[in-house]
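Here's the structure, in structure tokens; my notes come after.
2 protein chains.
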Amino acid sequence: MYIVIFRARIRRLDPEYSTTAQRMRELAFSQYGCIEFHSVTEGLNEISLSYWPNEENIRAWKSHPEHILAQRTGRDRWYESYSVQIAEISREYQVNTAG
Amino acid sequence: MYIVIFRARIRRLDPEYSTTAQRMRELAFSQYGCIEFHSVTEGLNEISLSYWPNEENIRAWKSHPEHILAQRTGRDRWYESYSVQIAEISREYQVNTAG
Numbered sequence: 019m020y021i022v023i024f025r026a027r028i029r030r031l032d033p034e035y036s037t038t039a040q041r042m043r044e045l046a047f048s049q050y051g052c053i054e055f056h057s058v059t060e061g062l063n064e065i066s067l068s069y070w071p072n073e074e075n076i077r078a079w080k081s082h083p084e085h086i087l088a089q090r091t092g093r094d095r096w097y098e099s100y101s102v103q104i105a106e107i108s109r110e111y112q113v114n115t116a117g
Numbered sequence: 019m020y021i022v023i024f025r026a027r028i029r030r031l032d033p034e035y036s037t038t039a040q041r042m043r044e045l046a047f048s049q050y051g052c053i054e055f056h057s058v059t060e061g062l063n064e065i066s067l068s069y070w071p072n073e074e075n076i077r078a079w080k081s082h083p084e085h086i087l088a089q090r091t092g093r094d095r096w097y098e099s100y101s102v103q104i105a106e107i108s109r110e111y112q113v114n115t116a117g
């Protein structure tokens with residue numbers, strides 16, 4: 019399984035951001051086989067993690083016309099800076115505590 | 019470069035949590051070659067990312083006595099559940115926007 023790690027420093031989010039983010043998430047799940055998505059924002063720092071079956075789907079997803087437009091708006095308006103890292107998961111474990 | 023992705027659902031954090039988290043971070047950097055560390059918490063959701071040169075360092079770090087104790091306290095007190103994933107970064111890029 020592959021993961022896309024998006025770390026961003028927010029400039030200013032507006033109502034269009036929420037709409038776009040939700041639409042992008044829907045596209046990722048419905049058209050590109052995205053498995054899981056988690057986003058956490060604290061102050062101006064955002065980390066978003068998405069999980070994918072392979073790198074081809076990630077590439078296709080990145081090139082979707084609506085996503086390209088969203089990336090451009092992200093650079094122009096929403097984010098001061100961001101980094102994207104693609105990684106393959108080699109090991110994982112989960113802990114559910116009692117009580 | 020390797021990344022450890024820690025995703026957690028918080029139960030209840032206390033003052034000892036901050037002290038322990040800071041101490042663990044110091045140990046990771048000074049003794050185990052941790053390259054970078056980012057943690058973002060929103061409500062009860064935490065994502066922490068740490069970056070490492072190799073998997074051996076991650077294993078050694080996981081087995082440090084103080085870290086084992088911290089993991090136990092995490093399960094007993096601070097977290098409702100969490101997952102840990104280890105992944106190797108294959109591609110990355112960074113965007114700094116103008117203005």
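Which chain is which? The protein sequence lines are A and B, in order.
Per the numbering used here, numbering through the first sequence is continuous, rising by one, with the last residue being 117.
Per the numbering used here, numbering through the second sequence is continuous, rising by one, with the last residue being 117.
Just so you know, even glycine gets a beta-carbon here, dropped at the ideal spot from N, CA and C.
It should be emphasised that the depicted structure is a prediction, and the values quoted were computed from it without experimental measurement.
1) Roughly how many angstroms lie between the CA atoms of B/T59 and B/R29, to the nearest whole one?
2) Do A/A105 and B/A88 have their CB atoms nearer than 8 Å?
3) Determine the DSSP secondary structure at A/L87, reduced to helix, strand or coil.
4) Strictly by DSSP, which residues pair up with A/W96?
5) For A/Y111, which residues of its own chain have a beta-carbon under 7 Å away from its beta-carbon, when the five flanking residues on both sides are left out?
6) Can you pull the chain B residues whose beta carbon is under 8 Å from the beta carbon of A/Q103, in chain order?
7) To the nearest angstrom, how far is it from the Cα of B/H56 to the Cα of A/P83?
8) To the nearest angstrom, how far is the alpha carbon of B/R109 from that of B/L62?
9) With DSSP run on the structure shown, which of helix, strand or coil describes A/R30?
10) Tell me the DSSP secondary structure of B/I65 in three-state form.
11) Looking at the C-beta of A/N75, does it have a partner C-beta in chain B at a distance below 8 Å?
12) Measuring only the C-alpha atoms, how far is A/Y97 from B/S66?
13) Can you pull the DSSP bridge partners for B/Q103?
14) Can you find a CB in chain B that lies within less than 8 Å of the CB of A/T37?
15) Mapping DSSP to helix, strand and coil, what is A/T115?
16) Using only the alpha-carbon positions, how far apart do A/D94 and B/T115 sit?
Reading it off the structure:
1) 13 Å
2) no
3) helix
4) For A/W96, which the question treats as bridged, DSSP gives no partner whatsoever.
5) none
6) I21, I107, R109 and E110
7) 31 Å
8) 30 Å
9) coil
10) strand
11) no
12) 20 Å
13) A/E110 and B/I23
14) no
15) coil
16) 7 Å
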